[in-house]
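Chemist:
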Amino acid sequence: MAHVNVALIGYAFMGRAHSNAWRQVGRFFTPKLTPRMKVICGRNAKNVKQAADQLGWDEAATDWHDVVNRPDIDIIDISTPGDSHAEIAIAAAKAGKVVFCEKPLANTVREAQQMLAAVQKAGVIHMICHNYRRAPAVMLARQLIEGGKLGRLYHYRGTYLQDWVADPSVPLYWRLQKDKAGSGALGDIASHSLDLARFLVGEITEVSAALETFVKERPLPDNPKKKGPVTVDDASASIVRFDNGGLGTIEASRFATGRKNYNRFEINGSKGSVAFDMERMNELEVYLSSDDKSVQGFHTVMVTEPHHPYFKAWWPAGHIIGYEHTFIHTVYDLLEAVATNKMPTPNFEDGVQNQRVLAAMEKSAATKRWVGV
Ligand SMILES: NC(=O)c1ccc[n+]([C@@H]2O[C@H](COP(=O)([O-])OP(=O)(O)OC[C@H]3O[C@@H](n4cnc5c(N)ncnc54)[C@H](O)[C@@H]3O)[C@@H](O)[C@H]2O)c1
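The sequence shown begins at 54 in my numbering and counts up one residue at a time.
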């Protein structure tokens with residue numbers, strides 16, 4: 054069977070999730086192209102070698118410049134913090150590689166636009182890893198909306214809540230530094246919620262937002278006796294307008310004590326509603342006004358049947374799947390896109406649009422006004 058050689062840059066959280074996806078995809082799906090896990094890249098030789106052995110990569114490398122220029126590599130998978138996405142993606146595009154990049158696409162709209170220009174100029178396939186689109190229940194929500202089952206869409210209510218930095222003694226990781234992460238809860242998790250909003254409801258045209266940083270200084274990771282300034286938001290709350298007339302809210306926080314990965318949305322339309330919660334990702338709550346009046350109300354659909362999106366590849370109905378499967382579905386769709394030379398979604402165009410909305414939210418928060426996207 055034809056194969057493609059993959060190189061992964063970054064070997065920590067997303068590095069592990071992506072490695073697992075590349076390893077498992079051919080064991081459950083039958084992609085037209087088989088991925089070969091050729092090389093994993095990080096900056097520390099000992100750690101990256103250990104990661105290669107544990108995660109199943111043939112080789113370990115310490116300089117991404119060499120990796121993106123290797124003639125035997127077909128796909129560059131970028132799983133590093135946002136401050137290196139643009140540089141790596143642009144070099145990879147220039148070298149003619151397929152570019153798969155973690156979200157948010159970049160740290161600024163300008164960088165994101167440069168990345169899009171580079172992949173378009175090179176004529177290569179590109180994709181951004183908004184993996185939550187590929188939870189079967191989210192895909193089912195999309196099918197219901199596309200089939201007109203919810204009618205005209207009035208509301209998107211997205212909340213992405215975590216609490217991992219609520220403790221002020223959590224060190225000043227890269228995610229809390231603007232030069233490395235671009236923004237805080239906004240770019241990290243509101244970006245996912247707004248990607249789902251764009252995927253399910255439509256384009257966002259206007260935003261009114263507020264940002265807050267509750268803990269302004271934190272211990273330095275390598276010297277806990279000293280503190281440094283937190284330069285990103287801890288939480289964001291936004292009102293958004295859609296091009297189809299819908300009104301929405303997108304809230305993201307790392308200070309929602311007790312909430313871990315509460316990526317939830319509810320969509321209300323003229324004929325019905327759907328609600329999804331990533332922490333119960335095998336289920337979709339559905340309300341349809343066309344249901345018999347005597348049993349009308351929200352009901353919970355277990356989205357694990359073979360006729361549900363992606364589920365034919367997995368287990369018998371009711372044998373649930375988890376977080377890591379969303380990445381397997383994502384790389385499966387990327388492999389099929391490469392095999393058929395069709396651009397997958399979400400791609401860098403979506404990444405740029407997402408970044409524009411994030412920038413509008415930041416501007417709105419700074420000026421205390423509605424801002425057009
Ligand atoms: N799709 C999702 O659900 C999801 C979840 C978490 C993070 N992310 C995104 O994934 C990206 C990485 O986040 P993470 O949580 O894996 O971070 P992490 O800190 O766990 O890992 C970052 C990795 O990048 C490596 N790295 C950093 N700079 C490098 C460089 N110049 N060259 C080579 N390697 C370098 C680090 O050594 C580390 O292995 C970010 O863009 C983040 O927003 C996405």
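For every residue, glycine included, the Cβ atom is placed at its ideal position computed from N, Cα and C.
1. Please report the Cβ distance between F81 and A366, rounded to the nearest whole angstrom; I am assuming they are in contact, meaning their Cβ atoms lie under 8 Å.
2. Taking only runs that begin and end inside the region 231-319, name each unbroken beta strand (DSSP E) of 3 or more residues, in chain order.
3. With 16 as the cutoff for other CB atoms within 10 Å, does V348 come out buried or exposed?
4. Roughly how many angstroms lie between the CA atoms of K85 and V151, to the nearest whole one?
5. Ligand 1 and D291: does the residue's C-beta get closer than 8 Å to at least one heavy atom of that ligand?
6. If you run the structure through DSSP and keep just helix, strand and coil, what is M67?
7. Just grab the DSSP bridge partners of D330 for me.
8. In the DSSP output, which residue or residues are listed as bridge partners for L214?
9. With hydrogens ignored, establish whether the beta-carbon of Y64 is closer than 8 Å to any heavy atom of ligand 1.
10. Give the secondary structure of F81 by DSSP, where H, G and I count as helix, E and B as strand, and everything else as coil.
11. Once you ignore the five residues that flank G287 on each side, which residues in its own chain have a CB closer than 8 Å to its CB?
12. Using only the alpha-carbon positions, how far apart do L214 and M331 sit?
13. Return yes when the C-beta of P134 is under 8 Å from any heavy atom of ligand 1, and no when it is not.
14. Relative to ligand 1, is the shortest distance from any of its heavy atoms to the C-beta of P189 smaller than 8 Å?
15. Beta carbon of G68: closer than 8 Å to some heavy atom of ligand 1?
16. Which of helix, strand or coil does DSSP assign to H352?
17. Do you know offhand how far A125's Cα is from K91's?
18. Among D220, K416 and A170, which residue has its Cα nearest to the Cα of G311?
19. If contact is defined by three or more beta carbon pairs under 8 Å, each pair taking one atom from either stretch, is the region 196-216 in contact with the region 159-167?
20. Using DSSP bridges, identify the partner residues of P189.
21. Straight-line CA distance for A170 to A145?
22. In the DSSP output, which residue or residues are listed as bridge partners for D127?
23. Run the proximity test for N400: is its beta-carbon closer than 8 Å to any non-hydrogen atom belonging to ligand 1?
24. Take L249 as the anchor and find which of L273, E304, K421 and A55 has the nearest alpha-carbon.
25. For N452, which of H245, I178 and K147 has the nearest alpha-carbon?
Modeler: For this structure:
1. Contact flag correct, Cβ pair sits at about 4 Å.
2. 257-265, 270-273, 276-282, 288-295 and 300-306
3. exposed
4. 16 Å
5. Asp is not the amino acid found at residue 291; the sequence shown has Ser there. The answer is no for S291.
6. helix
7. R317
8. S306 and Y315
9. yes
10. DSSP places F81 in the helix class (H, G or I) of the three-state scheme.
11. Rather than Gly, the amino acid found at residue 287 in this sequence is Asp. The residues are V218, G237, A238, E265, T266, F267, V268, S306, R307 and F308.
12. 11 Å
13. yes
14. no
15. Proximity of the beta carbon of G68 to ligand 1 is indicated: a heavy atom of the ligand is located closer than 8 Å.
16. strand
17. The amino acid occupying residue 125 in the given sequence is Asp; Ala does not appear at that position. D125 and K91: Cα-Cα distance of roughly 9 Å.
18. D220
19. Verdict: no, contact absent.
20. Answer is none; P189 lacks a bridge partner.
21. 13 Å
22. In the DSSP secondary-structure assignment, D127 is not bridged to any residue.
23. no
24. E304
25. Here the chain covers residues 54 to 426 and nothing more, so residue 452 does not appear.
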